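> This is the structure I have questions about; it appears just below.
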Amino acid sequence: MDEQKIQTIVNSVLRELGETAIAPGQITAVEPAAAPGSNSVEVEAGNGADKAPLEDLSLEKFIRWNGIRTAVNDSVNSDMIGQTRARVCQGRAGPRPRTISLLRFIADHSRSKDTVVKEVSAEWLAAHDLWEVQSRAADKGEYLTRPDLGRQLSEAGRKTIAERCKKSPQVQVVVSDGLSTDAVTHNLEEIIPPLLKGLENAGFDVGTTFFLRYGRVKAQDEIGQLLQAQANLLLIGERPGLGQSESLSCYCVYQPGEATVESDRMVIANIHQGGTPPVEAAAVIVDLTRKMLEQKASGLKLKR
Ligand code: B12
């Protein structure tokens with residue numbers, strides 16, 4: 117459909133809405149596609165562009181997209197865009213978001229929802245030498261609607277942990293899907309080896325690492341109580357944000373158990389390639405674990 121036809125349709129809709137002063141030709145001005153290499157990516161472009169395959173909206177050029185066309189000082193905006201992956205300088209089309217902005221928002225939202233509902237597959241766990249137990253949540257739906265069940269181990273889970281794990285280790289490491297499957301599958305390969313090696317090199321007796329399906333943070337207290345570990349480190353998927361769906365956290369407690377309260381817990385959050393890189397996070401966690409074991413404390417009781 118050419119610009120003139122679009123203009124005619126828009127004019128007739130506006131007329132039906134009671135608009136009388138319609139400036140001809142100014143409502144749907146279709147602008148030419150941006151020059152290659154420009155960070156101003158056009159999905160609104162006409163001339164058959166709609167037949168081209170839709171590009172992946174998670175590409176860097178869409179994240180660093182400058183949607184403001186008439187800036188007083190464009191270098192200020194470019195500078196800001198270069199410093200953050202946050203949704204800045206999106207511009208607008210009248211009172212609405214620009215098409216590309218809206219599409220990216222929808223794409224980011226879909227990715228966030230996907231990572232919550234997806235499952236860490238049994239094959240992936242086997243390939244990474246992890247065996248699994250489950251919380252009391254029977255499936256993902258129940259996990260999301262009943263956080264209380266994700267905080268408790270299933271009967272079978274308790275039994276398996278008791279049978280397969282080393283008792284009374286100094287440090288117990290647990291991995292859980294939590295609210296992001298991608299957090300586990302994207303970061304685990306890079307965080308587990310340096311973390312376990314770092315703990316060993318620091319001279320700690322490390323327990324048997326396993327995977328907790330449908331886990332919530334508080335489940336680490338029951339695991340700690342069951343295994344009588346001195347410190348529990350839970351690597352768990354964070355609730356995804358818009359544009360960041362594979363972020364992992366490590367929640368740490370000294371002597372977790374029934375009496376543990378939230379102020380005893382600590383968290384190293386935002387672990388992913390664009391945040392705290394997994395290898396760096398592993399070093400921070402080893403250091404924090406050393407402090408917990410030295411001071412026999414965690415959370416507010418720990419001096420840092
Ligand atoms: C959701 C959330 C909350 C919710 C948790 C409610 C719930 N049931 O989900 C609420 C609003 C209550 C909350 C409160 C706080 N939060 Co908060 N929270 C988050 C968020 C957005 C996601 C956490 C998540 O996905 N956890 C995984 C899921 C599976 O866990 P869960 O079992 O469902 O829920 C537990 C955890 O979320 C945990 N938790 C949440 N926040 C915090 C903070 C700390 C310090 C600890 C130890 C635990 C903790 O408490 C929940 C109940 O057990 C993160 C951002 C991020 N990138 O991780 C910030 C984040 C973890 N929170 C943060 C902070 C600072 C707090 C508060 C201290 C704020 C305050 N000043 O009161 C409190 C402390 C709460 C506590 N438990 O001790 C910071 C931690 C910074 C740090 N590295 O120490 C983060 C990283 C946000 C940020 N970027 O600043 N939080």
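Start counting the sequence shown at 117; every next residue gets the next number (our numbering). Glycine residues also receive a C-beta, built at the ideal position from the N, C-alpha and C atoms. All values derive from a computational prediction rather than experimental measurement.
Would you list the residues whose beta-carbon is nearer than 6 Å to any heavy atom of the ligand B12, in the order they occur in the chain?
Those residues are Pro263, Gly294, Leu295, Arg332, Val333, Lys334, Ile352, Glu354, Arg355, Ser363, Ser365, Glu378, Arg381, Met382, Val383, Ala385 and Asn386, given in chain order.
> Beta-carbon within less than 6 Å of Trp247's beta-carbon, same chain only, minus the 5 sequence neighbours each way: which residues are those?
Reading the sequence shown from its first residue, position 131 is the one you call residue 247. Counting only Cβ-Cβ distances below 6 Å, and skipping sequence neighbours, we find Phe326.
> From this set, Tyr330, Arg329, Val188 and Asn348, which residue's C-alpha is nearest Asp337's C-alpha?
Here the question's residue 337 lines up with position 221 in the sequence shown. The candidate whose alpha carbon is nearest that of Asp337 is Asn348.
> Tell me whether Val287 is buried or exposed, calling it buried when 16 or more other Cβ atoms sit within 10 Å of its Cβ.
Mapped onto the sequence shown, residue 287 falls at position 171. Classification for Val287: buried.
> What separation, rounded to the nearest whole angstrom, lies between the Cα atoms of Ala149 and Ser365?
The residue given as residue 149 occupies position 33 in the sequence shown. The residue given as residue 365 occupies position 249 in the sequence shown. At Ala149 the pLDDT is 47, less than 50, meaning the model places this residue with poor confidence; the figure from the coordinates comes in the next sentence. Straight-line Cα distance between these residues: approximately 41 Å.
> In or out: Thr261 buried (at least 16 other Cβ within 10 Å) or exposed?
Position 145 of the sequence shown holds residue 261. It counts as exposed.
> In whole angstroms, give me the CA-to-CA distance for Leu295 and Thr186.
Counting from 1 along the sequence shown, the entry for residue 295 is found at position 179. Counting from 1 along the sequence shown, the entry for residue 186 is found at position 70. Computed Cα separation, rounded: 40 Å.
> I need the straight-line Cα distance from Ala243 to Leu304, nearest angstrom please.
Residue numbering aside, residue 243 sits at position 127 when the sequence shown is read from its first letter. Residue numbering aside, residue 304 sits at position 188 when the sequence shown is read from its first letter. Each residue's Cα considered, the two are about 12 Å apart.
> Flag this pair as touching only if the segment 353 to 370 and the segment 271 to 280 have three or more C-beta atom pairs under 8 Å; answer yes or no.
Cβ pair count under 8 Å is below three, so no.
> Check each candidate in Gly207, Met196 and Gln341 and name the one with the smallest Cα separation from Ala375.
Translated into the one-based positions of the sequence shown, residue 375 becomes position 259. Of Gly207, Met196 and Gln341, the residue nearest in Cα terms is Gln341.
> Using a threshold of 9 Å, state whether the C-beta atoms of Val236 and Val300 are closer than that.
Position 120 of the sequence shown, counted from the start, is the residue given in the question as residue 236. Position 184 of the sequence shown, counted from the start, is the residue given in the question as residue 300. A contact, by the Cβ cut-off of 9 Å.
> Considering only residues of the segment 348 to 418, which uninterrupted alpha helix (DSSP H) runs meet the minimum length of 4 residues and lie entirely inside it, listed in chain order?
With a minimum length of 4 residues, the continuous alpha helix (DSSP H) runs that stay inside the segment 348 to 418 are 394 to 411.
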